[in-house]
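Taking it in order: structure first as structure tokens, then the write-up.
Numbering (the numbering used here), first residue to last: 2 to 171.
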């Protein structure tokens with residue numbers, strides 16, 4: 002499992018909830034559809050250093066030149082995420098429908114407003130189908146919310162801000 006191989010059963014809402022917990026400093030908040038529900042949270046048990054490292058890696062997935070989610074970039078904004086490919090077992094080469102494309106994450110960094118999990122059935126690799134969809138949605142969301150782009154945006158500056166946030170006392 003440590004290299005991403007093997008059977009794993011998760012739902013998109015479970016993955017979005019995990020992404021939100023990483024984004025908010027390690028608190029697992031159970032999602033609710035009713036706005037009147039009292040929200041509670043519990044720590045996921047990761048140290049601030051571990052959370053900062055995971056967040057930095059997720060920032061790099063979208064924002065570094067070698068990141069697998071480069072196609073999710075939104076000019077002037079920084080997103081964090083993790084791509085994935087859920088392999089589909091084909092009975093034969095003629096009926097192979099293709100793998101499922103996953104992308105989970107949060108943004109904008111360093112003060113995330115949204116967390117997501119997107120799966121595109123038979124979309125291929127995570128960076129090919131799911132990540133570009135998130136980029137399009139986030140671009141529209143940020144524009145409608147009036148969130149101004151921050152130029153020039155550097156990965157190192159986001160890392161520093163996130164590390165400070167994760168190291169802050171709770």
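All C-beta atoms in this analysis are idealised placements derived from N, C-alpha and C, irrespective of residue type, glycine included.
DSSP puts residue i in a beta bridge; with which residues?
| i | result |
| --- | --- |
| residue 84 | 104 |
| residue 115 | 108 |
| residue 29 | 43 |
| residue 78 | 75 |
| residue 121 | 102 |
May I have the straight-line CA-CA distance separating residue i from residue j, to the nearest angstrom?
| i | j | result |
| --- | --- | --- |
| residue 14 | residue 94 | 32 Å |
| residue 63 | residue 45 | 24 Å |
| residue 77 | residue 144 | 11 Å |
| residue 22 | residue 92 | 38 Å |
| residue 1 | residue 119 | Residue 1 lies beyond the stretch modelled for the chain, which goes from 2 to 171, so this question has no answer here. |
| residue 142 | residue 7 | 35 Å |
| residue 113 | residue 33 | 19 Å |
| residue 136 | residue 74 | 6 Å |
| residue 146 | residue 138 | 12 Å |
In the DSSP assignment, find the beta strand (DSSP E) that holds residue i and state where it starts and stops.
| i | result |
| --- | --- |
| residue 98 | Run containing residue 98: none; DSSP gives neither H nor E here. |
Could you spell out the range, first to last residue, of the alpha helix (DSSP H) harbouring residue i?
| i | result |
| --- | --- |
| residue 149 | Unbroken run through residue 149: none, as it is neither H nor E. |
| residue 56 | 49 to 64 |
| residue 18 | 13 to 24 |
Determine, using beta carbons only, whether residue i and residue j come nearer to each other than 8 Å.
| i | j | result |
| --- | --- | --- |
| residue 126 | residue 86 | yes |
| residue 84 | residue 69 | yes |
| residue 49 | residue 79 | no |
Consult DSSP for residue i and reduce its assignment to one of helix, strand or coil.
| i | result |
| --- | --- |
| residue 89 | coil |
| residue 140 | helix |
| residue 70 | coil |
| residue 8 | coil |
| residue 132 | helix |
Would the C-beta of residue i count as close to the ligand SAM, meaning under 7 Å from any of its heavy atoms?
| i | result |
| --- | --- |
| residue 148 | As for the ligand SAM, it is missing from this structure, which has no ligand bound. |
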